[in-house]
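In UniProt numbering, the protein residues as written are 1 to 224.
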């Protein structure tokens, strides 16, 4: 990554971590010293290298683990309110953001609408009998990353998941408990708010999944 792109990446991520919102163009110009045209070019390249995600209106919607709109997970710290990009991201934010080592992560079951919330900390997984369901195998996450994130959800139990699968016609993906979700999220984004940041290579990602107990074809061929 070029120094310019890393400077822009860090400015965007730092703003999202500290305030829960994207910096404005004027704020980015002032902070980085780059022109609006240079910023636009940098953000295009950051999206191409999977550091940012644009929506259909070409607005930044994801800078994992942060989202700029509702992806069904709110994350409330003592000082900041964030959108998490998915179940994985929602549990990751309290493990990543300095000064906010505890946060209330809230969502609703996609099948029945029951509200769920957990106090997520860096000390260990929260209590709960709910289950996480990831629809898209890791090898295809970036085929449509917005769709992927919208379908990494938490259900009340197996009965709710089965109901949702029957109603939507989706195939069953990966299912695991909250403790495994927390282990997955706790270290995945380590270093993302530092510089320089280097994304994991696919083999490194696969090894990380295995280290938290997630193995098998669903987790293989993980994209960088």
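Note that beta-carbon positions come from the ideal geometry of N, C-alpha and C, so glycine has one too.
Terminal residues of the alpha helix (DSSP H) in which residue i lies
i: residue 177; result: First-last for residue 177: 174-177, but that is the beta strand (DSSP E), not the alpha helix (DSSP H).
i: residue 206; result: 202-211
i: residue 88; result: 87-96
i: residue 163; result: 158-168
i: residue 4; result: 3-19
i: residue 29; result: 25-32
i: residue 39; result: 36-48
Same chain only: Cβ atoms within 8 Å of residue i, ignoring 5 sequence neighbours per side
i: residue 13; result: 63, 66, 192 and 193
i: residue 161; result: 111, 131, 133, 155, 172 and 175
i: residue 217; result: 137
i: residue 54; result: 47, 60 and 61
i: residue 214; result: 174, 176, 180 and 184
Neighbourhood of residue i by C-beta distance below 7 Å, restricted to the same chain and skipping five residues each side
i: residue 103; result: 75, 76, 77, 93, 94 and 120
i: residue 212; result: 180, 183 and 184
i: residue 69; result: 61 and 83
i: residue 114; result: 108 and 156
i: residue 195; result: 6 and 10
i: residue 91; result: 105, 120, 181, 182 and 185
Backbone CA spacing between residue i and residue j [nearest angstrom]
i: residue 110; j: residue 82; result: 20 Å
i: residue 46; j: residue 165; result: 35 Å
i: residue 221; j: residue 201; result: 10 Å
i: residue 205; j: residue 89; result: 16 Å
i: residue 106; j: residue 117; result: 4 Å
i: residue 176; j: residue 133; result: 7 Å
i: residue 79; j: residue 37; result: 33 Å
i: residue 142; j: residue 97; result: 25 Å
i: residue 225; j: residue 186; result: The first residue shown for the chain is 1 and the last is 224, placing residue 225 beyond what the model contains.
i: residue 171; j: residue 136; result: 9 Å
i: residue 48; j: residue 33; result: 22 Å
i: residue 57; j: residue 39; result: 18 Å
i: residue 11; j: residue 87; result: 25 Å
i: residue 85; j: residue 129; result: 22 Å
i: residue 22; j: residue 9; result: 11 Å
i: residue 197; j: residue 6; result: 8 Å
i: residue 43; j: residue 145; result: 17 Å
i: residue 138; j: residue 35; result: 37 Å
i: residue 210; j: residue 188; result: 12 Å
i: residue 168; j: residue 15; result: 37 Å
i: residue 24; j: residue 59; result: 12 Å
Contact belief for residue i with residue j at Cβ below 8 Å, rounded distance in angstroms
i: residue 50; j: residue 199; result: 7 Å
i: residue 131; j: residue 100; result: About 26 Å separates the two Cβ atoms, so there is no contact after all.
Bounding residues of the beta strand (DSSP E) (the contiguous stretch that carries residue i)
i: residue 107; result: 102-108
i: residue 84; result: 81-84
i: residue 116; result: 115-121
i: residue 76; result: 73-76
i: residue 147; result: Note, residue 147: premise wrong, no beta strand (DSSP E); alpha helix (DSSP H) at 145-150.
i: residue 61; result: 60-63
i: residue 132; result: 131-134
The ligand NAP heavy atom lying under 7 Å from the CB of residue i
i: residue 40; result: You won't find the ligand NAP in this model; it holds no ligand whatsoever.
Contact set for residue i: own chain, Cβ-Cβ below 6 Å, skip 5 residues either direction
i: residue 219; result: 138 and 209
message: Under 8 Å, with one C-beta from each stretch per pair, do the stretch 151-163 and the stretch 27-44 reach the 3-pair mark?
response: Contact between the stretch 151-163 and the stretch 27-44 is absent, with fewer than three C-beta pairs closer than 8 Å.
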